[in-house]
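In our numbering, the protein residues as written are 10 to 305.
Heads up, the thing below is written out as structure tokens.
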Amino acid sequence: LQLKTLYNMSNNSKTNVKSTEHLVTTYYPLVLLILGTLLNLLTLMIFYRSTFRNTKKQPIIHYMRAIAIFDIFMLYGWNLDHYLSSKHGFILLTYSIATSSRLRRPWSSREKGDLMIISCIIILVTLFNFYFLIFACFYRSNGTIDPNAQLYQIYPLWNNINLGVYNCIPFIFMVIFNSGIIYHLIKRRQIRIIQQSQIQHRTISITLVITTFLFLIMTIPATIVAAFFVTTRTTNLAKILDSILYTYHITSFPLYLITFKEFRQEFIKMVICKINNRRIVPAQVAIATVRTHNQL
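Written out as structure tokens, the structure reads:
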């Protein structure tokens, strides 16, 4: 009887664990989607405020805006992942290149060049993935859609390609350029050259280095699992790594808030402005009511 009781308790605990896992895997993506959309939209709103409108002076803001936009899209479904993940990685890479260039030559400003680079990345990566629209699925004779390609088996081949395009190539170049950024930050700290423009580039550079390392740490493990263990049964570890990958795309706002002084100041101004507006409107209504009564 005791053995039977223990067996039943064990089964109940396993059932509870599975139901908890099911709830987490079901609702976490939804929470991530809602929270990520709101935070990234808020990031975009702040980057379009007066402090960041002078993009000729700080063209790197274009990259930050682009990353916020693709972070939103990345949260909306696996079918867009291969299009948008590669763009995100390469835009982050060119963000590293641009920041490294600004640290070497803080007086330089090439806004049109930065916009051209972002546009070229979007076009090239879209063309690179365009065959998905042609060969990824086909119509059967009865009118239904078959999701399997007729010419060749896309998966797991594409997972290996995605690992290289999304992670390995950006990883190599990010390490090179971020090493240069870290070197220049240390060198300037030792020399103690303090100018306003250099301080601003230093702040953006620190933000970039942290963003890059988060990108590498949070996205590479899940991509490796997808590339090399696609045929095995999906484990809890794979689900956790996949959740971490998508969690990366909501980290920009808290990261900018902590490390980017101008961003933090604009956010505080925006919050204070909203609070003051809420206080002013009722006061104006009360004054108008008093005046109306006095006139009567």
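Using N, Cα and C, we set each Cβ at its ideal position, and we do this for glycine too.
Assigned exposure category for residue i - 16 Cβ within 10 Å defines buried
i    : result
T228 : buried
L136 : exposed
S214 : buried
I127 : buried
Q67  : buried
S175 : For the record, residue 175 in the displayed sequence is Tyr; it is not Ser. That one is buried.
N245 : exposed
Y92  : Confidence at Y92 is low in this model, with a pLDDT of 49, below 50, so its placement is unreliable and no value can be given for it.
T153 : exposed
N63  : exposed
N187 : buried
N285 : exposed
V280 : exposed
I132 : exposed
I143 : exposed
I69  : buried
I185 : exposed
Same chain only: Cβ atoms within 7 angstroms of residue i, ignoring 5 sequence neighbours per side
i    : result
I202 : A caution first: I202 carries a pLDDT of 48, below 50, which makes its placement in the model too unreliable to give a value.
L254 : M227, T228 and A231
L124 : H71
H258 : G45, D80, M83 and L84
F276 : I55 and L266
L41  : L84, Y255, T256 and I259
S150 : none
K43  : Going by the sequence as given, residue 43 is Ile instead of Lys. So the list is empty, once near-sequence residues are dropped.
L172 : T232, I233 and A236
Closest Cα partner of residue i within the set the options
i    : options                   : result
G189 : K66, S150, I226 and V218  : V218
C177 : T153, A236 and L39        : A236
F238 : I132, L166 and F139       : L166
I233 : L250, N245 and L223       : L250
R74  : Y140, F272, T153 and K248 : F272
N168 : I281, F180, N63 and N138  : N138
C282 : S252, R58 and L39         : R58
F182 : I43, F222 and I170        : F222
T35  : K278, K270 and K248       : K248
Q9   : I43, T60 and V33          : Here the chain comprises residues numbered 10 to 305, so residue 9 is not present and cannot be evaluated.
I170 : K278, I76, I69 and V134   : V134
Cβ shell of residue i (< 6 angstroms), same chain only, five flanking positions each side left out
i    : result
T29  : none
R113 : Low confidence applies here, because R113 scores a pLDDT of 48, under 50, leaving its location unreliable and the question unanswered by this model.
Beta-carbon contacts of residue i that lie in its chain and below 8 angstroms, excluding the five residues immediately before and after
i    : result
I78  : N49 and L53
T268 : T212, I215, T216 and I219
P38  : S252 and Y255
F180 : L225 and I229
**Request:** Mind the definition here: the region 249 to 269 touches the region 51 to 59 only if three or more C-beta pairs lie below 8 angstroms; say whether that holds.
**Result:** Contact between the region 249 to 269 and the region 51 to 59 is present, because at least three Cβ pairs lie under 8 angstroms.
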